[in-house]
Amino acid sequence: MTDTVDSTNELREVERIIIRFAGDSGDGMQLTGDRFTSASALFGNDLATLPEFPAEIRAPAGTLAGVSAFQVHISDHDITTPGDAPNVLVAMNPAALKSDLGKLEPGGTIIVNSDAFEERNLAKAGYESNPLEDDSLAGYTLISAPMTSLTKDACAELGVKPRDADRSKNFFALGLVSWLYARPEEPTMIWIREKFRGKDLVIAANEAAYRAGNAFGETAELAASRLTVRPARLAPGTYTNINGNTALSWGLIAAGQQAGLPLFLGSYPITPASDILHELSKHKNFGVRTFQAEDEIAAVGSALGASYGGHIGITTTSGPGIALKGETLGLAVSLELPLVVVNIQRGGPSTGLPTKTEAADLMMAMYGRHGEAPMPIVAASSPADCFDAAIEAVRIAVQYRTPVMLLSDGYLANGTEPWRLPDVESFPTIDVEFPSKVNGLDEEGREVFWPYVRNEDMARPWAIPGTEGLMHRIGGIEKRDGTGNISYDPANHEFMVRLRDERIRKIAEKLPPLEIVGDEDAEILVVGWGSTWGAITSAVGRLRKAGTKVAHVQLRHLHPFAPNLGEILGRYRHVVVPEMNLGQLTKLLRAEYLVDAKVISKVSGQPFTAAELVTAIEEVTQ
Amino acid sequence: MSTAPATTKKDWTSDQEVRWCPGCGDYSILTAMQLLMPELDVRREDTVFISGIGCAARFPYYMNTYGMHSIHGRAPAIATGLAMARPDLNVWVVGGDGDMLSIGGNHLLHALRRNINLTILLFNNQIYGLTKGQYSPTSEVGKVTKSTPMGSIDQPYNPISLALGAEATFVARTHDMDRAHMQEMFRRAHAHQGSAIVEVFQNCNVFNDGAFNTITKKDARDAMLINLTHGEPVRFGVDNERGVVLDNGVARIVDVAEVGADRLHVHDETAPDPSVAFALSRLAEDRESPTPVGVFRAVERTEYGRSVAAQLAAANQERGPGDMHGLLRSLPTWEVS
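Sequence order for the protein chains is A and B. Using our numbering, the final residue of the first sequence is 704, and nothing's skipped along the way. Using our numbering, the final residue of the second sequence is 340, and nothing's skipped along the way.
Here's what the structure looks like:
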């Protein structure tokens, strides 16, 4: 670092800062945010991130539709959300300022690339006059830097063409913001050299831009705005900054290792799930087979075929894909084979909001198949938690021979948080038993194999092709329990429908009881599922700090529910359920337990903020 | 090298009651298969039949092997996953014209172009049987059925042309009236490395009876079936008096006496370019014209499962077996003490 003594003295310490980087899709804001995050992670802050980008790869430059943003919350203590209102907005063009200014806290800091505030861009963003020159930003601290021209100047003597230099202006912004918030420079420099290895001119340009941003901060008398956030006091261990899709992929790999079985992923590209396909494709040395199928139906079909062959069949998708896979999921329910179906939920219906988050597929997970076709549902609650949730989904699928729906969402998929790496030795065991012996007698007293004989978990034997003497046929037609023979007998169908329901409900018997966080003697219970965990945790913390007694329970299992959920719900006067849908879990709780659960809904494509939840919980429980 | 224990038809016959309509062509295909199996040097436990939905799709229940009766159209996709996961198995896919060409058409095309080790039997009876008699994607134009009271207006698929268009590496046609020919086609399809498809003309005696009589009845065959034999001139007829020539890439039936035997097309099933096989597939526009049967195409191309295995082996070679501890530390990490 190149801090002068004076400026170091003026570094004010704050508990946390929320910075929002916003720019055109082509401005590299995701990368800038990601680098700032990495530097902060290595510095030791706790953090949470929220990338927000448009569905279009390159919307028209300079327009509101093309704004891509990355919000990061860094803190010196344990945090669980990307923050409420940003303290700092970095706006690389007028459209970014226009679209995101409303999110900034009153009196917050705005850092702009003043070069981009020219007539054409202002018009595209719908500004009639230049907000940098009129009084409209008077209530904010405005740091105006000609990032484009200073980057070009810095690059000029390196022999970088002005056009190419323009692409490095995000590193100018990063350099400036890193100076303002005293981020270490080294991790970014190392990253630049690795990322652009072999492209010396690009490395030089990006480094020069970063340093120019640094220098701008020093020379432009911005010392008064300098702040820093100390490292957080996190539990000892080795940490990495992880997003949900990566954690989920690693969890699947870990589960495969624990089960001693190869993974097979059948998938079709879809936002925001594709990164799991990308990640798993990289790890073939773990015995992972990945198959990019011709469509969503083939994706789940191939996974089911692999499961039939003794692999852990997995399919990953988002809501529209689940709709297409429904018939195959019904088959998997009928075949009673392990299968993990990962739904990275996004805004719907139809194409909806491909890059925005929502959690409105719970009812589809519960009931989205024809006939009575129950399957267990597991939900992840934070980016790092996707790892554990994936292992749990595989465990249930394998142990109970059933398809399992694993729910994540766009916010968890792309958001990041520091993750204290677990000890490989601590992973749960997943026992797999492939039968090798016959288990029944036919009418003539000969020993035969019956595919639908059940163990104590009501799971049928997973007899895989290649096993001598166990040849058998399975299918989607109703079958008799035990023999597995086709049966259209009315009483048998009634028996089988109830049996399939019971065997999934029975999973609850071996689930650990739910743990309540917060006040045991509270009148208010907040029930969460999925990515609402972070905002609920933060909101409940604030309410309690302010003297309100609140309890929080987060559901890992949405079907079946943990065995003590009903008893817990009965203890509280108010049961509130924040959901990124119109009340799907709320309906299930009301139906199952006859409690007056009340929903707090948000369906804007964005996660709850803690502040919103504090207000809403107070309103609902008044 | 013989490894599988000796078996008979009985060993390959399951204990399930066969539930096709009496007189259905499916019976003769099933018998042909159960009789052929003991000759293929494969073990029952290593053999899997996967089907979708339809009359033909009941086939797996009757074979004493592993089997899955899945859902409509999806058998090629499910079988692809199984074959990728378990290249040690012999995976057969059985389906009808509705199952494989209509609702599951996409999966069939992709299975064929990938060249994964599947032996696909397409029972073509040109009708929907299980739903009781609607026209199918191979029904002829004008066909009157329950859903086409004024006659079908849909141009039918030619399954052989379709398979060749997808660049399938093994494409053959046979019919349910000739067990020996069926078995020869099944045997060759089974031996092929990659996706193999055999179209079987199959009579539905309830909803489309006699659809192939004009070409497959014993007394019609000599005149109406063109047997394709690799390396031989394409000739047929009661007295072998007719043959096939290629004119500018188009196959045409001629009298041998008129053009001379030297001009006849010599069948080459191994030709890398599928165009000539495609031209032959166009010969029979309807069941009134002589129709080629036999192997249209049998070429070698890397089998998909081998490529999958090769990439796994290469990844292992380069990076060693997966190390979970290392994977967790593959992104930047930091220590908190």
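Ideal Cβ placement from N, Cα and C applies to all residues, glycine included. These figures come from a predicted structure and were not determined experimentally.
Just verifying my parser: in three-state terms, what is the DSSP assignment at Glu701/A?
Translated into the one-based positions of the first sequence, residue 701/A becomes position 619. Helix.
In the DSSP output, what is Ser173/B paired with across the bridge?
The sequence position of residue 173/B within the second sequence is 170, counting from 1. A small fix is needed here, since residue 173/B is Phe in this sequence, not Ser. Phe173/B is bridged by DSSP to Ala199/B and Ala301/B.
Report yes or no: do three or more beta-carbon pairs, one from the segment 487 to 505 of chain A and one from the segment 427 to 443 of chain A, lie closer than 8 Å?
These segments touch.
By the 10 Å Cβ neighbour count, where 16 or more other Cβ atoms means buried, how is Arg202/A classified, buried or exposed?
Here residue 202/A corresponds to residue number 120 of the first sequence, with the count starting at 1. Here Arg202/A is exposed. Its C-beta has fewer than 16 other C-beta atoms within 10 Å.
What's the C-alpha gap between Gly383/A and Thr398/A?
For this step, residue 383/A is matched to residue 301 along the first sequence. For this step, residue 398/A is matched to residue 316 along the first sequence. If I take the Cα positions, the gap works out to 12 Å.
Given Ala274/B, which residues of its chain have a CB within under 8 Å of its CB, disregarding the five upstream and five downstream residues?
One-based indexing of the second sequence puts residue 274/B at position 271. Cβ neighbours of Ala274/B beyond the five flanking positions: Ala280, Arg300 and Val302.
Do Tyr65/B and Leu33/B have their beta-carbon atoms positioned less than 7 Å apart in this structure?
The residue labelled residue 33/B in the question sits at position 30 within the second sequence. The residue labelled residue 65/B in the question sits at position 62 within the second sequence. Contact: yes.
Buried or exposed: where does Ala82/B fall if 16 or more other Cβ atoms within 10 Å of its Cβ makes it buried?
By 1-based counting over the second sequence, the position of residue 82/B is 79. Buried.
Contact set between Leu348/B and chain A, taken where Cβ atoms lie within less than 9 Å
Because chain B spans 4 through 340 in this model, residue 348/B falls outside it and cannot be assessed.
Residue range of the beta strand (DSSP E) that Tyr321/A falls in?
Numbered from its first residue, the first sequence carries residue 321/A at position 239. Note, Tyr321/A: beta strand (DSSP E), Gly319 to Asn325.
Please return the same chain residues whose Cβ sits closer than 8 Å to the Cβ of Asn323/A, not counting the five positions on each side in sequence.
Here residue 323/A refers to the residue found at position 241 of the first sequence. Residues of the same chain with a CB within less than 8 Å of the CB of Asn323/A, apart from the 5 flanking positions on each side, are Thr119, Ser120, Ala123, Leu129, Thr498, Glu499, Pro500 and Trp501 in chain order.
Based on the DSSP secondary-structure assignment, which residues constitute the bridge partners of Trp15/B?
As a working mapping, residue 15/B is identified with position 12 in the second sequence. In DSSP, Trp15/B forms no bridge with anything.
Check whether Asn120/B and Gly240/B have beta carbons under 7 Å apart
The sequence position of residue 120/B within the second sequence is 117, counting from 1. The sequence position of residue 240/B within the second sequence is 237, counting from 1. Not closer than 7 Å, so no.
When Ala167/A, Leu183/A and Ile139/A are compared against Ala104/A, the one with the closest alpha-carbon:
Translated into positions along the first sequence, residue 104/A becomes position 22. In terms of CA proximity to Ala104/A, Leu183/A leads the group Ala167/A, Leu183/A and Ile139/A.
Span of the alpha helix (DSSP H) around Ile379/A
Position 297 of the first sequence, counting from 1, holds the residue named residue 379/A. Per DSSP, the continuous alpha helix (DSSP H) segment holding Ile379/A begins and ends at Glu378 to Tyr390.
Label Lys407/A either buried or exposed according to how many other C-beta atoms from any shown protein chain fall within 10 Å of its C-beta, with 16 as the threshold for buried.
For the purposes of this step, residue 407/A is identified with residue 325 of the first sequence, where counting begins at 1. Around the C-beta of Lys407/A, 16 or more other C-beta atoms lie within 10 Å, and the residue is accordingly described as buried.
First and last residue of the beta strand (DSSP E) that includes Lys680/A?
On the first sequence, position 598 is the one that residue 680/A refers to. Run containing Lys680/A: Lys680 to Ser683, per the beta strand (DSSP E) assignment.
Nearest-angstrom Cα separation, counted from Leu347/A out to Val194/A:
Walking along the first sequence from the start, residue 194/A turns up at place 112. Walking along the first sequence from the start, residue 347/A turns up at place 265. Looking at the backbone, the Cα of Val194/A and that of Leu347/A are separated by about 44 Å.
Name, in chain order, the residues that DSSP records as bridge partners for His634/A.
On the first sequence, residue 634/A is found 552 positions in, with the first residue counted as 1. Answer by DSSP bridge pairing, in chain order: Val599/A and Val608/A.
Euclidean distance between Cα positions of Thr703/A and Glu694/A
Position 621 of the first sequence holds residue 703/A. Position 612 of the first sequence holds residue 694/A. Answer to the nearest angstrom: the Cα atoms are 14 Å apart.
For Ile200/B, return the contacting residues in chain A, with the cut-off set at a CB-CB distance below 9 Å.
Here the question's residue 200/B lines up with position 197 in the second sequence. Chain A residues near Ile200/B: none, gap ~16 Å exceeds 9 Å.
Gly57/B and Gly107/B - do their beta-carbons sit closer together than 7 Å?
If you number the second sequence from 1, residue 107/B lands on position 104. If you number the second sequence from 1, residue 57/B lands on position 54. No, the pair does not count as a contact, with Cβ atoms beyond the cut-off.
What is the DSSP secondary structure of Glu20/B, reduced to helix, strand or coil?
Residue numbering aside, residue 20/B sits at position 17 when the second sequence is read from its first letter. Note: Glu20/B maps to coil in three-state DSSP.
With distances taken Cα to Cα, identify the nearest neighbour of Phe643/A among Thr484/A, Thr162/A, Ala264/A and Leu593/A.
Mapped onto the first sequence, residue 643/A falls at position 561. Closest option to Phe643/A, judged by alpha-carbon separation, among Thr484/A, Thr162/A, Ala264/A and Leu593/A: Leu593/A.
For a test of the three-state rule: what should DSSP assign to Phe346/A, helix, strand or coil?
Numbered from its first residue, the first sequence carries residue 346/A at position 264. The answer is strand: DSSP assigns Phe346/A an E or B state.
Take the Cβ of His270/B as the centre, count every other Cβ of all protein chains shown within 10 Å, and call the residue buried at 16 or more, exposed below.
Against the second sequence, residue 270/B aligns to sequence position 267. Burial is judged here by how many other beta carbons sit within 10 angstroms of a residue's own beta carbon; His270/B has at least 16 and is buried.
For Asp216/A and Ala314/A, believed in contact at Cβ under 8 Å, the rounded distance:
In the first sequence, residue 314/A corresponds to position 232, counting from 1. In the first sequence, residue 216/A corresponds to position 134, counting from 1. With 8 Å as the limit, Ala314/A and Asp216/A do not qualify as a contact, their Cβ atoms being about 40 Å apart.
Short of 7 Å in beta carbon distance, which residues of its chain neighbour Arg117/A, apart from the five on each side in sequence? Order them along the chain.
Working through the first sequence from its first residue, we reach residue 117/A at position 35. Taken in chain order, the residues that qualify are Leu256, Thr270 and Trp273.
Using the DSSP secondary-structure output, state which residues sit across from His178/B in a beta bridge.
In the second sequence, the residue the question calls residue 178/B occupies position 175. Beta-bridge pairing links His178/B to Phe204/B.
Between Gln314/B and chain A, is the shortest Cβ-Cβ distance under 7 Å, so that the two count as touching?
Taking the first residue of the second sequence as position 1, residue 314/B is located at position 311. Output row for Gln314/B: interface = yes.
Among Pro79/B, Met36/B, Pro41/B and Ile53/B, which has the Cα closest to the Cα of Thr6/B?
Along the second sequence, one-based indexing puts residue 6/B at 3. For Thr6/B, the nearest C-alpha among the options comes from Pro41/B.
Met778/A, DSSP secondary structure in three states
Absent from the structure is residue 778/A, since the part of chain A shown begins at 83 and ends at 704.
So if DSSP puts Asn127/B in a beta bridge, which residue, or which two residues, is it bridged to?
Within the second sequence, residue 127/B is the residue found at index 124, counting from 1. Answer is Phe204/B.
Does any residue of chain A bring its CB to less than 7 Å from the CB of Leu283/B?
The residue you call residue 283/B lines up with position 280 of the second sequence. Taking Cβ atoms only, chain A never reaches closer than 7 Å to Leu283/B, which makes this a no.
If you measure from the beta carbon of Asn109/B to each beta carbon in chain A, is any gap under 7 Å?
Residue mapping note: residue 109/B aligns to position 106 of the second sequence, counting from 1. The beta carbon of Asn109/B sits closer than 7 Å to some beta carbon of chain A.
The segment 5 to 20 of chain B touching the segment 449 to 466 of chain A, judged by at least three CB pairs closer than 8 Å:
In short, these stretches do not touch, since the Cβ pair count stays below three.
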